[in-house]
Each structure stands twice: as C-alpha cells, then as structure tokens.
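Chain order of the listed sequences is A and B.
When we follow my numbering, the leftmost residue of the first sequence carries the number 4, and every step to the right adds one.
When we follow my numbering, the leftmost residue of the second sequence carries the number 4, and every step to the right adds one.
Scroll down for the structure; my scribbles are underneath it.
2 protein chains.
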Amino acid sequence: MAQALSFTAVAGIPAVAPGDDLPALIAAALAQSGSTLTEGDALVVAQKIVSKSEGRFIDLRTVTPSARALELAAITRKDARLVELVLSESNEVLRAVPHVLIVRHRLGYVMANAGIDRSNVDSRDGAERALLLPVDPDTSAARLRAGLRTLTGVAPGVIVSDSFGRPWRNGVINIALGAAGLPALIDRRGETDLYGRRLEVTQVAWADGLAAGAALVMGEGAEGTPVALVRGARHDAPEVNAQALVRPIAEDLFR
Amino acid sequence: MAQALSFTAVAGIPAVAPGDDLPALIAAALAQSGSTLTEGDALVVAQKIVSKSEGRFIDLRTVTPSARALELAAITRKDARLVELVLSESNEVLRAVPHVLIVRHRLGYVMANAGIDRSNVDSRDGAERALLLPVDPDTSAARLRAGLRTLTGVAPGVIVSDSFGRPWRNGVINIALGAAGLPALIDRRGETDLYGRRLEVTQVAWADGLAAGAALVMGEGAEGTPVALVRGARHDAPEVNAQALVRPIAEDLFR
C-alpha cells in the first residue's frame, strides 16, 4: 500500500495523428518537462490519443446505416451513421432512449456510444470523423509500455483511460480500458480481517482508481492534457490487465 | 485544472468510538505527521470512522426481522437481522440474489447492503454490531470542515467516502457519499469545445474522482488508513455537495 501518491499532468504532447509513435511523443514530453521515469511509475494515457495514433478514425460519409441503426437513430435522435458504427463495435444494446445509447462494447465495456467520439476531432478537411476505441486497449497499453522501456530503459505501468457514465450517479469518472505492468484488479478473495472474518471488500479496481485520480489533473477534451504521470502507486499484487475489470455477462445482475 | 496533485495517507488516527471528536483526532494526526493544512487542501475521510464517531452502531441482537426481511434473507443467504437493517435504511430493493442485496439507500445511493458494514467492527463485548452509514454524509462533511476550521484556521474540502461495487465492472472503487467545500459535481452543460461543438462530457464527478484516488493510499478495512490529505485539487467550479452526484430516480435507465 502506497503512503503517498502523486499525479502530474505531462505537458507538451502535440496533436496526435495516425501512425505517430506515441511512446516517442510521451518520452519527449517527459524529458522536456524534466521528468525521468523511475521503477514503479505509471502513466495514464487518454484513450483518444491512443486511438488517434492507431488510426481508428472513420469518415462518417463512408458509413451506410442498417435498418436497425435507422431505428435506433430515430429513438435516440442520433446520427444514424454514428449509430451504425456503435452497433458495429458492440455486442448488445442495453438502453436506447432519446440522446442515450448504452451498449456492451465487443470487449465487454458497458458504455455510451461504444466509446465512439465525435467531439474535438478536427474536421477542417470536410471529413466527418468519428474515433473508435483502440482495437484492444490492453495490447495498446502493453505496446506503450514496451516502447517506453526501449526509449527510456524503464518500463512504467501503463493505463489507457476513458471517461464513463454510471447508471445511478451523475457525472463521468475515468476508468481503465487497458492496462499493462500493474495489477488492474487486486483480488483478495478468501482473505480475512484482523478479527478473522471474511473480508467484505475482496476485489479492488486498482487501475480504475488510478484512472479516476489521473483524470483530476488531465481534464477533458481539447483543454485537457492526455497523459498523466503517477508516482508512488506501486502495489505488490500480481500484474493483471484491464480485461479483468470487465464483469462477465453471466454475473450481470442488471440485464 | 490542477497540474499536479498528491494524496497522502494521514497516519495516527486512533480507533474511533461513538462521541469522539473526529475533527480533533484528524487535526492531531495531521500535526503529528508534520502536515499543516493550507487553503485548497482537501481531506478524504472513510465513512466508517464518521459513522463510528456518530454512534451509528446497531446491536443485531436488538433487531427483529420482518416477514419481508426473512424472505430476502432466504434468497440472499444473509442474516435476516442484517437484512432488516438494510430495509430500514432503504427505499427500494433493486436486486436480491444469493449473497447479493442491492438497494437504493434512503439518500439515493444504489449500493450493496445499504452500506451497512459488519467486518472490522469489534465484537469483544458479545454485541453483534453492525454499522450504518452516517445520517447525512453531506452534513457530516460540513461538520468536519467547520470543526477543522475552528481547530486549524483553515477550512479544507472534506469528502466522506465509501467503497462501491459497479454493475458491469469487477472490483470496488471509492466514491463520495458526502462532500463540503468543493465542487462534488462539475457541471459544464451548455459549454462547447474548440470547434464549437457541444461538449460530450458535460458533468464531471469531481468528488468521486478524489475519493477514488484517495482510496489508493487509504487501503481497505482494518489495515487501512481512514484519512487521506489531498493537495493541489483546487477547482474553481461552484461548491456543491455530494447529493448532486446521486442521479434522480426519474433518470434511472436501469430500473
């Protein structure tokens, strides 16, 4: 358990384009800000720049909505092409009401619009761009970690984070879509407390906590800083990636 | 927006008993650890010690389960007296399956067991104690803030936090049950991004982010530290308490 922990926004990440070497951009920004990665550091990286570097843009002008997309677009009052993209990235529609489309993403995340983003995407060339989530955020995190190890000699923990709504609480909070080099979920099932009783809290969403804390310094969207450095967050639980944070469908009580 | 932010576990909080002066205990622990509160600091305080200081213990031996509690106890395989307490603290049962009882607490929180805790409650005198949430966590937070102002001359932001499960994600994360002196929810509805489009993320659960980050240094239960000091989390949004984080029932899509 850490005694003290700090989150610092990493300034100097430029606009990211498809094919950009994200580890190199992050390493340069860290160097520019005088930060040297040390063992036990972690980086929280906004999903948006990961997706951009991976070229996950779709031009909505190329999308033809299906009948199902048209139907859901009418209900949700959303662009039918965007709805078509959401469906293509999802396994199940959980709720569709005016202005709200909540789905189970193909990777299991339950989220609005399958995480597809239109805001802050530059459209000066006339393209109506939407940005999908990375193909596999855990793999993206592992790749960032490996790239940073090569560049700096130190392999930080890496989290790919995104903002999530919650069913019963107002406001978004950031969670971990992907993680590498840290225990995304800490599993203490079977352990007991000082009085010998079974622990009531047995699984801790460690990477979600890191993502939520990092968001406090990263901010949102165009005004935000897409990378945060976390110091003091070392935990000796076994490394496990962020897919462990996705509750299996069979355990979903709210279907 | 903060550029850097730190969370530090505040060591030296003793076991808390009903009637204890919690602001005094916290101020003493801060002084002992050499920390001086400064404007813009915030404290995250575990619900458990707030409830204890407010004497929210119930001896289960004094509780007589109703027919409804007996019925739910059979389904959930929980102590019927505990279930009776849960019902007395709740407005609605959302899910009852083996080992899981999710309710809408009378203050609107959707949570397991209405936040009632049995683990880590000392039972050496033979009493089977359960610990309810504070009567009103926002009021508890305001009282802690006022008490600390009197004792130290500085009024910190205060969050009363608890761990929460989430319907579609494994592991708990900490959220803010109560808050004072900070913007628990930052409301940016109506604002636009650099390209003039309406912001997609318009409400940020700021206090939930602080609570989630603080949990990384506070830990859980008997081994944990029940108070964390947050530095650098000042935000210029209007102060609003944690009740703003509770989504109104009318907007609940998952009833």
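Ideal Cβ positions, reconstructed from N, Cα and C, are used throughout, including at glycine.
Check: Applying the criterion that 16 or more other CB atoms from any shown protein chain within 10 Å of the CB defines a buried residue, is T228 (chain A) buried or exposed?
Finding: Position 225 of the first sequence, counted from the first residue, corresponds to residue 228 (chain A). Within 10 angstroms of the beta-carbon of T228 (chain A) lie 16 or more other beta-carbons, which makes it buried.
Notebook entry, point to check: Any idea which residues DSSP pairs E42 (chain B) with across the strands?
Noted result: Taking the first residue of the second sequence as position 1, residue 42 (chain B) is located at position 39. Answer is none; E42 (chain B) lacks a bridge partner.
Check: What's the gap between the Cα of S56 (chain B) and the Cα of A247 (chain A)?
Finding: Within the second sequence, residue 56 (chain B) is the residue found at index 53, counting from 1. Within the first sequence, residue 247 (chain A) is the residue found at index 244, counting from 1. Taken atom to atom, the span from the alpha-carbon of S56 (chain B) to that of A247 (chain A) is near 37 Å.
Note to self: Our contact map puts D165 (chain A) next to N177 (chain A) with C-beta atoms below 8 Å; I'd like the distance itself, whole angstroms only.
What the structure shows: Working through the first sequence from its first residue, we reach residue 165 (chain A) at position 162. Working through the first sequence from its first residue, we reach residue 177 (chain A) at position 174. With a Cβ gap of about 7 Å, D165 (chain A) and N177 (chain A) count as contacting.
Note to self: At the 7 Å Cβ level, is A7 (chain A) part of the contact set with chain B, yes or no?
What the structure shows: Position 4 of the first sequence holds residue 7 (chain A). Interface with chain B (7 Å Cβ-Cβ cutoff): A7 (chain A) is included.
Note to self: Suppose the cutoff is 6 Å on Cβ atoms and the five residues either side in sequence are ignored; what does the same chain contact list for A18 (chain A) look like?
What the structure shows: Stepping through the first sequence from its first residue, residue 18 (chain A) is reached at position 15. For A18 (chain A), where only same-chain residues beyond five positions count, there are no Cβ hits under 6 Å.
Next item on the list: Quick one: which unbroken beta strand (DSSP E) runs of 3-plus residues sit fully inside the region 86–124 of chain A? Chain order, please.
Entry: Entirely contained in the region 86–124 of chain A, the beta strand (DSSP E) runs reaching 3 residues are, in chain order, 93–100, 103–108, 113–115.
Next item on the list: Just grab the DSSP bridge partners of T1 (chain B) for me.
Entry: This structure gives no information on residue 1 (chain B), because the portion of chain B shown stretches from 4 to 258.
Check: Going along the chain, which residues of its own chain have a beta-carbon closer than 7 Å to the beta-carbon of V243 (chain B), five neighbours each way excluded?
Finding: In the second sequence, counting from the first residue as 1, residue 243 (chain B) sits at position 240. The answer, listed in chain order, is P186, A187, L188.
Item checked: S130 (chain B), DSSP secondary structure in three states -> Taking the first residue of the second sequence as 1, we reach residue 130 (chain B) at position 127. The amino acid occupying residue 130 (chain B) in the given sequence is Ala; Ser does not appear at that position. The answer is coil: DSSP assigns A130 (chain B) none of H, G, I, E or B.
Notebook entry, point to check: Who pairs with G160 (chain A) in a beta bridge, going by DSSP?
Noted result: Stepping through the first sequence from its first residue, residue 160 (chain A) is reached at position 157. Paired residues: A:A45.
Check: Based on Cα-Cα distance, which residue from A:T39, A:S91, A:L104 lies nearest to L110 (chain A)?
Finding: For the purposes of this step, residue 110 (chain A) is identified with residue 107 of the first sequence, where counting begins at 1. By alpha-carbon distance to L110 (chain A), the top candidate from A:T39, A:S91, A:L104 is A:S91.
Check: Name the chain A residues whose beta carbon is nearer than 9 Å to that of D10 (chain B)?
Finding: What you label residue 10 (chain B) is simply residue 7 of the second sequence in a count that begins at 1. Note that residue 10 (chain B) corresponds to Phe in the displayed sequence, not to Asp. Residues of chain A with a Cβ closer than 9 Å to the Cβ of F10 (chain B) are, in chain order, A5, A7, L8, S9, F10, G216, G235.
Item checked: Option nearest I162 (chain B) by Cα separation, candidates B:S9, B:D211, B:A70 -> Walking along the second sequence from the start, residue 162 (chain B) turns up at place 159. Nearest option by C-alpha distance: B:D211.
Item checked: Test: N94 (chain A) CB closer than 7 Å to a CB of chain B -> Within the first sequence, the letter at position 91 stands for residue 94 (chain A). Output row for N94 (chain A): interface = no.
Next item on the list: Whole angstroms is fine: what's the gap from V157 (chain B)'s alpha carbon to A145 (chain A)'s?
Entry: For this step, residue 157 (chain B) is matched to residue 154 along the second sequence. For this step, residue 145 (chain A) is matched to residue 142 along the first sequence. One Cα belongs to V157 (chain B), the other to A145 (chain A), and the distance between them is close to 44 Å.
Note to self: Any beta carbon from chain B within less than 7 Å of Q50 (chain A)'s own beta carbon?
What the structure shows: On the first sequence, position 47 is the one that residue 50 (chain A) refers to. Answer no: the Cβ-Cβ gap between Q50 (chain A) and chain B never drops below 7 Å.
Note to self: Please list, in chain order, the chain B residues whose beta carbon lies closer than 7 Å to that of R250 (chain A).
What the structure shows: Taking the first sequence and counting its residues from 1, one reaches residue 250 (chain A) at position 247. Ordered by position in chain B, the residues that pass the 7 Å Cβ test against R250 (chain A) are W171, R172, N173.
Next item on the list: Write down every uninterrupted run of the beta strand (DSSP E) in the region 169–225 of chain A whose length is 3 residues or greater and which is fully enclosed by it, in chain order.
Entry: Within the region 169–225 of chain A, the complete beta strand (DSSP E) segments of 3 residues or longer fall at 172–183, listed in chain order.
Item checked: Other residues of its chain near H108 (chain B): CB distance less than 8 Å, five sequence neighbours each side excluded -> The count along the second sequence starts at 1 and reaches residue 108 (chain B) at position 105. Closer than 8 Å at the Cβ level, and outside the excluded window around H108 (chain B), lie E92, S93, N94, M114, A117, G118, L136.
Check: Could one say the Cβ of R132 (chain A) lies closer than 7 Å to chain B's Cβ atoms, at least one of them?
Finding: As a position in the first sequence, residue 132 (chain A) is number 129, starting the count at 1. Contact with chain B is absent for R132 (chain A), since none of that chain's Cβ atoms lies less than 7 Å from the residue's Cβ.
Checklist line | Chain-ordered chain A contacts of I105 (chain B) [CB-CB under 8 Å] | finding: As a first step, residue 105 (chain B) is located in the second sequence; it is residue number 102 there, counting from the start. L256, listed in chain order.
Next item on the list: Could you tell me which chain B residues have their CB closer than 8 Å to the CB of I16 (chain A), listed as they occur along the chain?
Entry: Locating residue 16 (chain A) in the first sequence gives position 13, counting from the first residue. Per Cβ cutoff of 8 Å: no residues; I16 (chain A) is ~14 Å from chain B at best.
Item checked: Distance, A231 (chain A) Cα to E103 (chain A) Cα -> Working through the first sequence from its first residue, we reach residue 103 (chain A) at position 100. Working through the first sequence from its first residue, we reach residue 231 (chain A) at position 228. First, the residue type needs correcting, since residue 103 (chain A) is Val and not Glu in the sequence shown. Rounded to the nearest whole angstrom, the CA to CA distance from V103 (chain A) to A231 (chain A) is 30 Å.
Next item on the list: Rounded to whole angstroms, what's the CA-CA distance from I252 (chain A) to P170 (chain B)? Just pull it up for me.
Entry: Here residue 252 (chain A) is taken as the residue at index 249 of the first sequence, counted from 1. Here residue 170 (chain B) is taken as the residue at index 167 of the second sequence, counted from 1. Here the alpha carbons of P170 (chain B) and I252 (chain A) stand approximately 10 Å from one another.
Next item on the list: Check whether the Cβ of L188 (chain A) lies closer than 7 Å to any Cβ atom in chain B.
Entry: Here residue 188 (chain A) refers to the residue found at position 185 of the first sequence. Interface flag for L188 (chain A) against chain B is set, since a Cβ pair is found closer than 7 Å.
Margin query: Suppose contacts are defined by Cβ-Cβ distances below 7 Å. Is G193 (chain B) in contact with R148 (chain B) by that definition?
Written below: Start at 1 with the first residue of the second sequence, and residue 193 (chain B) comes out as number 190. Start at 1 with the first residue of the second sequence, and residue 148 (chain B) comes out as number 145. In this structure, the beta-carbon distance from G193 (chain B) to R148 (chain B) does not fall below 7 Å.
Checklist line | Nearest-angstrom beta carbon gap, A14 (chain A) and S36 (chain A) [assumed within contact, 8 Å] | finding: Here the question's residue 36 (chain A) lines up with position 33 in the first sequence. Here the question's residue 14 (chain A) lines up with position 11 in the first sequence. That belief holds up - the Cβ atoms of S36 (chain A) and A14 (chain A) are roughly 6 Å apart, short of 8 Å.
Check: Are the CB atoms of A214 (chain A) and A236 (chain A) nearer to each other than 7 Å?
Finding: For the purposes of this step, residue 214 (chain A) is taken as residue 211 along the first sequence, with counting starting at 1. For the purposes of this step, residue 236 (chain A) is taken as residue 233 along the first sequence, with counting starting at 1. Taking 7 Å as the Cβ cut-off, A214 (chain A) and A236 (chain A) do not qualify as a contacting pair.
Note to self: Which residues in chain E have a C-beta closer than 7 Å to the C-beta of V113 (chain B)? List them in chain order.
What the structure shows: The chain labelled as chain E is not found among the protein chains of the depicted structure, namely A and B.
Checklist line | Cross-chain neighbours of L213 (chain A) in chain B, by beta carbon under 9 Å | finding: As a first step, residue 213 (chain A) is located in the first sequence; it is residue number 210 there, counting from the start. Residues of chain B with a Cβ closer than 9 Å to the Cβ of L213 (chain A) are, in chain order, A215, G216, L219.
Check: Going along chain B, which residues have a C-beta under 9 Å from V163 (chain A)?
Finding: Locating residue 163 (chain A) in the first sequence gives position 160, counting from the first residue. Near V163 (chain A) there are no residues of chain B at all, since even the closest Cβ is about 15 Å away, more than 9 Å.
Check: Can the beta-carbon of A130 (chain B) be found less than 7 Å from the beta-carbon of D62 (chain B)?
Finding: Counting from one through the second sequence, the residue named residue 130 (chain B) turns up at place 127. Counting from one through the second sequence, the residue named residue 62 (chain B) turns up at place 59. Their beta carbons are under 7 Å apart, which means A130 (chain B) touches D62 (chain B) by this criterion.
Margin query: Please state the DSSP three-state secondary structure of D62 (chain B).
Written below: Locating residue 62 (chain B) in the second sequence gives position 59, where the first residue counts as 1. D62 (chain B): strand per DSSP, three-state reduction.
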